[in-house]
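Each residue of the sequence shown is one higher than the one before, starting from 1419 at the first, in this note's numbering.
Take a look at the structure below.
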Amino acid sequence: MLDITLRSLSLLVYLFLISYFFSNWSTAIKSHREFYNVIWIVIIISAMVTIILSNAYIPNIYLPYLNLLLSFILTYTIAMLHSVPYLDSVVWTMTLISINLICEVLSLHFTKIILNAELTSHDSPTFFITSITITTLIGVAWIVILKFSIVKEAKSELSTNLSFIVILLPIPILSIIILFGLLIGNNNDKISEITITISVIFLNICVIFLYKITIEYQKNQYNLTLRKKNIEVEYRILNEIKRNRTNVLKLKHDLKNQYLTILGLIENEEVNEAIDYIKSSFDILEPPTKTYAADGVLNYLLNEKLAEARKNQINVDHQIFVSKNIKINNDVLTIVIGNIIDNAIQASKRIKPIDRYVNIIIKQVNNDLFIEVSNNYNSEEIFTRKHRKDKGLGMKNIGDLLQQLGGIQRHWTKQRRYFVTIVIFNVYKGNKCGDN
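Dropping the structure here:
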């Protein structure tokens, strides 16, 4: 009974430590607290049931292997629950399990030093309690240090690439094998055990710092790409302003001649011709753009995208209600919306003109921003669409941005229509938002 109780308490502490470590990655949990609480209850109950059944039906010789497998499953599950990217989840799962085994090895040595020889039997309750307590304290120290030195401000906008994972992953895997062998073996050579443990600690620290350096490098590259996109949008706006100014100067220059023409028609009593001429001049005075949003960058982008859709014979319906109090980075918002509409336009261009239809919804729902873009598409392209997600600033990058901003996205198909829905939480200033 004592064994089950201590294992259960140790596992609960481990679960909360891992969840605390990954807590920086996901901002969506705050907006779906009830759902995540249910998931947590399921995870805890499943872990407890596994411990009870394993103690009842599995021989003690196999319990260490089961505990290792259970640690892997729980760590990876919690990482995915916090929206950690897949490859990063694998790296951190292996690294954290390796760190946990390091804690157990160190705890074993410290316990033997603290207790006298009569109490150092592994079957002794005093040894068991002391060992678990020291393991927990060392584990807390490791996690806190990692949290504040490596992932203090991590938002997981980026994921590591496969080649980098292949280079890093063997070290924590070998560490797990070596440390697990030390724990279940009966090696009495203390010097070799200490040397191996120190070497494993050093290698895992190197892995952690290499991961940090790589992520920071990729983040810088990612920010450069975003800045480039922002500059391109601003450059197009400046060109539009320049073009409009040129048109105004040209219009001012031509107005005198137009007035002279109208005056000549009236003096010759050609009233109908004068009226027709005046009506034709209204087209010149028509504003070049429509107003969809208070933000100039977003409004310009919507005009450009809708004009491109009309040029390609794409029917577009839109319901756009964007508050002037929007507080998220407008450039990032523009990139998110621009990529989604681009995908819809490109998909529409590959089907018959009669079937080309796009629906755009951008509106406020309480304090959140709701974006939905749907389009008709060729059902045979669903696999190529998945392939295109990795091209440029596509859906993968939009997903990374949403993790940074605090949002979620969903893709699905219904009959012959493809839907992309995005919700960005707490994007409006006002009394309801508080300090968010």
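Think of the CB as a built atom: it goes at the ideal place given N, C-alpha and C, for glycine as much as any other residue.
Asked, Found
"DSSP state of Asp1808 mapped onto helix, strand, coil", "Unreliable placement is indicated for Asp1808, whose pLDDT of 42 sits below 50; the coordinate value is still reported in the next sentence. Coil."
"Proximity below 8 angstroms, CB of Ser1501 to CB of Gln1821", "yes"
"Inter-stretch contact at 8 angstroms, needing at least 3 Cβ pairs: the region 1507-1516 / the region 1477-1490", "yes"
"Own chain partners of Ile1561 with C-beta closer than 7 angstroms, once the 5 adjacent residues on each side are dropped", "Leu1435, Tyr1438, Phe1439"
"Terminal residues of the alpha helix (DSSP H) in which His1527 lies", "1504-1532"
"Spatial distance of Arg1654 from Tyr1635 (CA atoms)", "29 angstroms"
"Cβ pair count under 8 angstroms reaching 3, the region 1787-1799 against the region 1757-1769", "yes"
"Top-ranked residue by Cα proximity to Trp1458, from Thr1709, Glu1722, Met1498", "Met1498"
"Cβ neighbour criterion (16 or more within 10 Å) applied to Thr1664", "exposed"
"Selected residue, minimal CA-CA separation from Cys1521, among Leu1481, Ile1619, Gly1817", "Ile1619"
"Reduced DSSP secondary structure (H/G/I, E/B, other) of Ser1574", "For Ser1574, the predicted model reports a pLDDT of 49, less than 50, meaning its position is unreliable; a value from the coordinates is still stated below. The answer is coil: DSSP assigns Ser1574 none of H, G, I, E or B."
"Closest residue to Leu1823 among Tyr1836, Val1845, Trp1830 (Cα-Cα distance)", "Val1845"
"Classification of Gly1817 by the beta-carbon crowding that lies within 10 angstroms, buried from 16 upward", "buried"
"Local conformation of His1688 per DSSP, three classes", "Residue identity check: residue 1688 is Glu in the sequence provided, not His. Coil, per DSSP."
"Three-state secondary structure (DSSP) of Lys1770", "coil"
"Given 8 angstroms, three or more beta-carbon pairs between the region 1423-1434 and the region 1459-1475", "yes"
"Residue span of the beta strand (DSSP E) that contains Ile1826, given as start and end", "1825-1832"
"As assigned by DSSP and simplified to three states, the class of Ile1840", "strand"
"Leu1628 and Leu1597 closer than 8 angstroms at C-beta", "no"
"Limits of the beta strand (DSSP E) - the one that Ile1789 falls within", "1786-1794"
"Cα-Cα separation, Ile1614 to Phe1453", "43 angstroms"
"Straight-line gap, Ile1684 to Asp1694 (C-alpha atoms, nearest Å)", "12 angstroms"
"Residue environment, Gly1557, which counts as buried when at least 16 other CB atoms sit within 10 Å", "buried"
"CB contact below 8 angstroms: Glu1688 versus chain D", "Note that chain D does not occur in the displayed structure, where there is just one protein chain."
"Outcome for Arg1425 when other beta-carbon atoms lying within 10 angstroms are tallied against a minimum of 16", "buried"
"Boundaries of the alpha helix (DSSP H) in which Asn1717 is found, first to last residue", "1714-1729"
"Beta-carbon separation (whole angstroms), Leu1533 vs Thr1544, contact threshold 8 angstroms", "7 angstroms"
"Where the beta strand (DSSP E) through Ile1778 begins and ends", "1775-1783"
"Close beta carbons around Phe1837, own chain, < 6 angstroms, minus the five adjacent residues each side", "Ser1792, Trp1830"
"Contacting residues, own chain, Cβ-Cβ under 6 angstroms from Asp1786 (five flanking each side not counted)", "Val1841, Phe1843"
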